[in-house]
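Here is the structure we will look at, set down as structure tokens.
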Amino acid sequence: MKAAVITFPGSNCDRDLAVAFEAQGARVVRVWHKETELPAGLDVVGLPGGFSFGDYLRCGAIAARAPIAQAVAAFAGRGGHVLGICNGFQVLIEAGLLPGALMRNAGIKFVCRNIGLRVETAQSAFTAQWGAGADITLPVAHHDGNYTADADLVARLRGEDRVALRYRDNPNGSTDDIAAILSANRRVLGMMPHPERAISPAQGGTDGAALFRSLMDAFVPA
Amino acid sequence: MQEPEITPDLIAAHGLTEEEYARIRALIGRTPSFTELGVFSAMWNEHCSYKSSRKWLRTLPTKGPQVICGPGENAGVVDIGDGLAVVFKMESHNHPSYIEPYQGAATGMGGILRDVFTMGARPVAAMNALSFGSPDHTRTRQLVHGVVEGIGGYGNCFGVPTIGGEVRFHSAYDGNCLVNAFAAGLARADSIFYSAASGVGMPVVYLGAKTGRDGVGGATMASAEFDETIEEKRPTVQVGDPFTEKRLLEACLELMDSGAVIAIQDMGAAGLTCSAVEMGDKGDLGVRLDLDRVPCREEGMTAYEMMLSESQERMLMILRPEKEDEARAVFEKWDLDFALVGVTIAEDRFIVMHGNTTRADLPLKALSGSAPEYDRPWVETPPAEPVGDVPGIDPIDALRALIASPNHACKAWIWEQYDHMVMADTVRGPGLGAGIVRVHGTEKALAFTADVTPRYVRANPRQGGRQAVAEAFRNLCAVGARPLAVTDNLNFGNPEKPEVMGQLVGAVQGIAEACEALDTPVVSGNVSLYNETDGRAILPTPTIGAVGLLDSLDALIAGRPVEGDLALLVGEGAGHLGQSALLYEVFNREDGDAPEVDLAAERRNGEFLRANRQWISAATDLSDGGLALAAFEMAEAAGLGVTLDAGDTPTLFGEDQARYLIACTFDAAEALMVAAGQAGVPIATVGRFGGETVQLGRAGAPLSELSALYRSAFAAAFD
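Those protein sequences? They're chains A and B, same order as listed. My numbering numbers the first residue of the first sequence as 1 and each following residue consecutively. My numbering numbers the first residue of the second sequence as 1001 and each following residue consecutively.
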């Protein structure tokens, strides 16, 4: 599998995401935000966590207009797989690749802790190995992770089985306890929790590794 | 532009005494210009010159085979093997944080992070030690919210995990909170960057953010006491931009890799003045600055303002001229300013030009080398009276009082606002004892802790100083780490008062003794004096930040007790209740002496723990709240009950030093007893972990009830 990890100024989980891909044997190319094209032959593009452009204006809003963002949108448009984690999720929403909005946490404060999640669908290249209904634990660390959607959107996400993860103990006020959603073609995943911070026992958890293994399975020729 | 005339009022407003001004006149043989007066006041204030403390700081042990660079640079550098080094320091941002808590704390983080990456290290861990006034004082709540949000806002965005620290509340801090920020970074041991300029005619380059009027006179402000005019000082607090700092970090590390850097220095206190003078002084060179080239955020800034601005996220570098294009490209990539603002010169002069006018022309060496040094009068703190009678109390009621106090309640409300996992190498975050991060790409890990017990230091500065180092040592040993070195952040009141100066002298003596005995040299530090409001000083607070090394994660003691584990007490004590947390929290008393610190016992017991880690399921040091609080915290973290056989107050709540609580299996306990006998280490079984009750002698309460209290008390007080 060949993965690209995008670095915006202010990204601070880009290395961690690259390490998580590499730990599963993926080849990783780091891509600077001022690039206008993605490398050829990619299977997955990763948008990392952090504070792209300082989270100024709105989280993810400026990064969504960076030169590389158009290339990522085109890649997704061609059916490519895109993974956005935390700030990466915010960028995907600001870029219009995923619906809804991520607002300030209901508790107003930044929240960093391990949190229980329920895997709601195994029907994606990201979630296959977790399996539907699995209870997993991943870290969250964000100030603006309150997923906000109106009733119509929630009904659509539910109806199309596009809610990938739900919080078991909602830390930020997200609508319908939503922690991660898929695009209509199930190839773009946005998630607030950080799977790349839970891939080895030294980190206190390994539940994140299955996401990267799932992607490897999907792209390593059998 | 005409500069103001030098008058006695203007001199006083710069925090300079008559004698100091006379010294300036004697040095330069004329009346200084306004800009020159500003430069002198910046270089000679307490914050930059350490004029009251230098004599005593020299007595600290600073050397050891592990030390690559001790005090005097931006941060200390310690060898950790594999060609790598850990670079760390702790620094206060007390005065700014009291005036404007969010920005004060945020820029404190920014400053300490820059100190670390200026030396070529990527920051990998942060901690903070906070002291606030009484929880019910009118300003405390706002300060707690502002400071915590400021630290989180800056550190989270920058992308460094905040993995530990400490927080205390005491009415002595009502008018002066303390914000001590620690940062550590990793660098290759053979590519540490220093601040000494070298070579005549080398370009002096300004890097990073633009210069504004923020923070003009900040270092002088931080060297004065507070009074009712404090609100007027708000404009001297700087404003932080962690996004710029993150880009500055990445750009500086890329620049250092390119080989373009001869010397580099961050612009901290007294910004351009301090950084330029320091680089020249250390390299025995002069510096000429052309202020017309300094990137400014505001129009019409004067030379005086530019020289004293404390705008954040700026660096000054001496550049290898042949690398200029390459260096400039790195900063353009990160959209940061890069400007040639001066040149090194052979003469011992510090020349500042602005608009074709010479605004300053001073002997450079004299600016730092001739700073006054005071041997201030001091009196030894009188011996404390013995502790008075301690009334009997139900031990569970006493435990409840402790864990319901913001001093000892669970601090998750604070540390959940800090990203303690970014960089994905955090092995142990905040909460209990030392924080631990992996050394990225190796088997090794580093442990960090920050400690001091100001009640002890006030009662007995020397023992208090020893205790701060000893507690840090224990916190490292309790996770299996080998203590390497420390940084000290000395916070005291007005040094012109002999009693306050006596506290500083005593504490430094105690720190020196402990660092010597425990082989943990002081490699960096910071002094914050004049922490007084309306003549009332803070508790003497010499915070110790300590770093330990784990050669592999196999050496780690980070487990949790399991059902049926025995509770073993390592070390011995007579139930010392003087200055204890129990007295303070339950009886509202602060009498008695500090516990005595037996440094030989500290060393022996710490080494015993590390040597026998294979038998230990979990360990913690005993400090505030003694055996009872340590056992509760350890059990609570594991979701287990605990039974301690003793029910008497001195055994449960005494704060004798050099002690640890260990959880282990029955079989391991036997092995530990044998090993302890051979090592001459006192050890005894004091209870067991398990069940759903916390039992202290005959008194008991459900774990669930105590746990709920412990976890909710802090938010109940401040949310």
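Idealized CB from N, CA, C, for every residue including glycine.
Rounded separation between residue i and residue j - CA only
i, j, result
"A1209/B", "P1382/B", "50 Å"
"I1318/B", "T1357/B", "24 Å"
"V1597/B", "Y1660/B", "14 Å"
"F212/A", "K2/A", "12 Å"
"F1338/B", "I1080/B", "34 Å"
"V1039/B", "P1498/B", "29 Å"
"G1392/B", "S200/A", "49 Å"
"S1309/B", "F1492/B", "26 Å"
"A1384/B", "A202/A", "46 Å"
"K1282/B", "S1195/B", "7 Å"
"I1068/B", "A1022/B", "40 Å"
"C1274/B", "A23/A", "45 Å"
"N1531/B", "G1502/B", "15 Å"
"D1394/B", "A1075/B", "48 Å"
"P1061/B", "R1462/B", "16 Å"
"S1623/B", "E1471/B", "7 Å"
"A1713/B", "G133/A", "35 Å"
"I1544/B", "E1091/B", "11 Å"
"C1515/B", "V31/A", "47 Å"
"S987/B", "A141/A", "The displayed coordinates of chain B run from 1001 to 1719. Any statement about residue 987/B would go beyond what the structure contains."
"Q1614/B", "V28/A", "39 Å"
"L1644/B", "A1628/B", "8 Å"
"A222/A", "A210/A", "Bear in mind that a pLDDT of 46 at A222/A, under 50, signals an unreliable position, so the number given afterwards is only what the model happens to contain. The alpha-carbon atoms of A222/A and A210/A are separated by roughly 18 Å."
Neighbour list for residue i in chain A, Cβ cutoff strictly below 9 Å
i, result
"Q1142/B", "Within 9 Å Cβ-Cβ: nothing; Q1142/B doesn't reach chain A, min ~15 Å."
"N1612/B", "What N1612/B touches in chain A: nothing, since even the nearest Cβ is about 22 Å away."
"G1639/B", "Chain A residues near G1639/B: none, gap ~14 Å exceeds 9 Å."
"L1706/B", "Residues of chain A passing the Cβ test: none, with the nearest at roughly 21 Å."
Residue i vs residue j beta-carbon contact at 8 Å
i, j, result
"A1445/B", "V1437/B", "yes"
"N172/A", "V1422/B", "no"
"L45/A", "I85/A", "Inspection of the sequence shows that residue 45/A is occupied by Val rather than by Leu. Cβ atoms of V45/A and I85/A: not closer than 8 Å."
"N1588/B", "A1675/B", "no"
"H1440/B", "D1425/B", "yes"
"F1473/B", "T1533/B", "no"
"V91/A", "A64/A", "yes"
"Y1154/B", "I1538/B", "no"
"R1114/B", "D1335/B", "no"
"L1399/B", "L1696/B", "yes"
"V1390/B", "L1583/B", "yes"
"G1564/B", "A1658/B", "no"
"G48/A", "H33/A", "The question names Gly, but residue 48/A is Pro in the sequence shown. Cβ atoms of P48/A and H33/A: not closer than 8 Å."
"N170/A", "G79/A", "no"
"A1125/B", "P1161/B", "yes"
Contact set between residue i and chain A, taken where Cβ atoms lie within less than 7 Å
i, result
"R1247/B", "P9"
"N1156/B", "F110"
Per-residue contacts from residue i into chain B (C-beta, under 9 Å)
i, result
"E196/A", "A1424"
"Q203/A", "M1421, A1424, D1425, T1426, V1427 and R1438"
Unbroken alpha helix (DSSP H) run spanning residue i, endpoints
i, result
"T1140/B", "T1140 to F1158"
"E1516/B", "P1498 to A1517"
"G204/A", "Per DSSP, G204/A belongs to no alpha helix (DSSP H) and is neither H nor E."
"F1331/B", "E1324 to K1333"
Listed by chain order, chain A residues near residue i by CB distance under 8 Å
i, result
"Y1418/B", "F110 and C112"
Below-8 Å beta-carbon distance, residue i vs any chain E residue
i, result
"N12/A", "Judged by its chain identifiers, the structure shown contains no chain E, and its protein chains are A and B."
Neighbouring residues, chain B, relative to residue i (Cβ below 7 Å)
i, result
"V19/A", "A1424"
Endpoints, the beta strand (DSSP E) within which residue i is located
i, result
"M1090/B", "L1084 to S1092"
"N1588/B", "First-last for N1588/B: undefined, no H or E at that position."
Chain-ordered chain B contacts of residue i [CB-CB under 8 Å]
i, result
"D16/A", "V1422, M1423 and A1424"
The ligand NAD heavy atom lying under 7 Å from the CB of residue i
i, result
"V1261/B", "No copy of the ligand NAD occurs in the structure displayed, which carries no ligand at all."
Practice prompt. Could you name the residues of the region 51-80 of chain A whose beta carbon sits closer than 8 Å to any beta carbon of chain B, in the order they occur along the chain?
Written response: The residues in question are F51, F53, G54, D55 and Y56.
Worksheet item: Which residues, taken in chain order from the region 1071-1104 of chain B, show a beta carbon closer than 9 Å to some beta carbon of chain A?
Response: So nothing in the stretch comes that close.
Fill in: Interfacial residues, the region 119-133 of chain A to chain B, with Cβ spacing under 8 Å
Residues passing the 8 Å Cβ filter: none.
Practice prompt. Please name the residues in the region 138-154 of chain A whose beta-carbon is closer than 8 Å to at least one beta-carbon of chain B, in chain order.
Written response: Residues passing the 8 Å Cβ filter: P139, A141 and H143.
Practice prompt. Compile a chain-ordered list of the residues in the region 1127-1152 of chain B whose CB is closer than 8 Å to at least one CB of chain A.
Written response: The residues in question are E1149 and G1152.
Worksheet item: Which of the residues in the region 1427-1438 of chain B, read from start to end, lie with their CB under 7 Å from any CB of chain A?
Response: Correct list: V1427 and R1438.
Worksheet item: In chain order, what residues of the region 1185-1209 of chain B put their CB closer than 8 Å to some CB of chain A?
Response: Within the region 1185-1209 of chain B, no residue has a Cβ lying closer than 8 Å to any Cβ of chain A.
Fill in: Members of the region 1268-1286 of chain B that neighbour chain A once the beta carbon cut-off is set at 8 Å
Within the region 1268-1286 of chain B, no residue qualifies.
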